[in-house]
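One structure is given below, encoded as structure tokens.
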Amino acid sequence: MLTMVAAAAENNALGKENDLVWHLPDDFKRFKKITSGHHIIMGRKTFESFPKLLPNRTHIILTRKKDYQPENTIVVNSLEEALKSTGNDEKIFIIGGGEIYKLAIEKADKIELTRVHGTFEADTFFPEVDPEKWQISSEEFHPKDERHEYSFTYITYERRK
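Note that the sequence shown covers residues 1 to 161 in full-length UniProt numbering.
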């Protein structure tokens with residue numbers, strides 16, 4: 001199963017200058033729980049935004065850069081190559097950025113979206129989720145609190161058959 005995991009604002013903003021524009025600790029915990037033990041596919045800029053490798057995950061980096069090979073990662077030049085390099089992993093995750101989500105949305109089976117309630121200035125955006133192709137299978141709202149400056153909703157979309 002190919003799942004896209006993202007946190008996007010109401011205007012589909014993902015980030016600015018290769019960084020998130022909000023800090024949601026519970027969303028980070030959920031991301032870790034969902035993706036641990038599996039292959040995560042990302043673009044080079046997303047990979048470079050991490051301070052270090054994310055533990056207990058196989059990092060697959062999609063880039064056009066030749067001779068790009070960070071330690072302990074798989075580097076590929078196409079989404080097809082990325083998907084082939086996952087072996088027999090039954091849960092594969094696309095984790096960004098914007099260009100990679102655009103490539104993957106036609107191939108994905110599921111979207112785990114954290115909808116951040118607000119609009120933000122950004123330079124990277126999540127693609128529109130077409131209700132003709134996707135249906136919501138679950139939603140869970142979280143109000144803002146002392147640890148979360150913004151309210152947000154976890155939304156699980158599944159591709160319509």
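Every residue, glycine too, gets a C-beta built ideally from N, C-alpha and C. Source: prediction; values computed, not measured.
If we count the other Cβ atoms within 10 Å of its Cβ and call it buried at 16 or more, is Y157 buried or exposed? Working through the sequence shown from its first residue, we reach residue 157 at position 157. Within a 10 Å sphere around the beta-carbon of Y157 sit 16 or more other beta-carbons, which makes this residue buried.
With DSSP run on the structure shown, which of helix, strand or coil describes R57? Taking the first residue of the sequence shown as position 1, residue 57 is located at position 57. DSSP places R57 in coil when its eight states are reduced to three.
Using three-state DSSP, classify A9 as helix, strand or coil. In the sequence shown, residue 9 corresponds to position 9, counting from 1. Strand at A9.
Roughly how many angstroms lie between the CA atoms of Y150 and F120, to the nearest whole one? In the sequence shown, the residue the question calls residue 150 occupies position 150. In the sequence shown, the residue the question calls residue 120 occupies position 120. Between the alpha carbons of Y150 and F120 lies a distance of about 11 Å.
Cutting at 6 Å between CB atoms, please list the residues of its own chain near T153, excluding the five before and the five after it. Numbered from its first residue, the sequence shown carries residue 153 at position 153. Excluding sequence neighbours, T153 sits near R115, E139 and F141.
With which residues is D123 paired in a DSSP beta bridge? Walking along the sequence shown from the start, residue 123 turns up at place 123. D123 pairs with nothing; no bridge assigned.
N- and C-terminal bounds of the beta strand (DSSP E) containing S138: Residue mapping note: residue 138 aligns to position 138 of the sequence shown, counting from 1. Start and end: W134 to H142.
May I have the straight-line CA-CA distance separating K16 from A6, to the nearest angstrom? To locate residue 16, count along the sequence shown from 1; it is residue 16. To locate residue 6, count along the sequence shown from 1; it is residue 6. A6 has its alpha-carbon roughly 14 Å from the corresponding atom of K16.
In whole angstroms, what separates the C-alpha of L24 from that of D67? As a working note, residue 24 is residue 24 in the sequence shown. As a working note, residue 67 is residue 67 in the sequence shown. When rounded, the distance between both Cα atoms is 35 Å.
Please name the residue or residues paired with F152 in a DSSP beta bridge. Walking along the sequence shown from the start, residue 152 turns up at place 152. F152 is bridged by DSSP to V116 and H142.
Whole-number beta carbon distance between E112 and I34, since they are thought to touch under 8 Å: Taking the first residue of the sequence shown as position 1, residue 34 is located at position 34. Taking the first residue of the sequence shown as position 1, residue 112 is located at position 112. So it is a contact: roughly 6 Å between Cβ atoms.
Spatial neighbours of F125 within its chain, please: C-beta separation below 7 Å, excluding the five flanking residues on both sides. By one-based count along the sequence shown, residue 125 stands at place 125. So the qualifying residues of the chain are N12, A13, L14 and G98.
What's the C-alpha gap between E80 and E106? As a position in the sequence shown, residue 80 is number 80, starting the count at 1. As a position in the sequence shown, residue 106 is number 106, starting the count at 1. The straight-line gap from Cα to Cα measures roughly 12 Å.
Straight-line gap, F93 to T58 (C-alpha atoms, nearest Å): Walking along the sequence shown from the start, residue 93 turns up at place 93. Walking along the sequence shown from the start, residue 58 turns up at place 58. Each residue's alpha carbon lies about 10 Å from the other.
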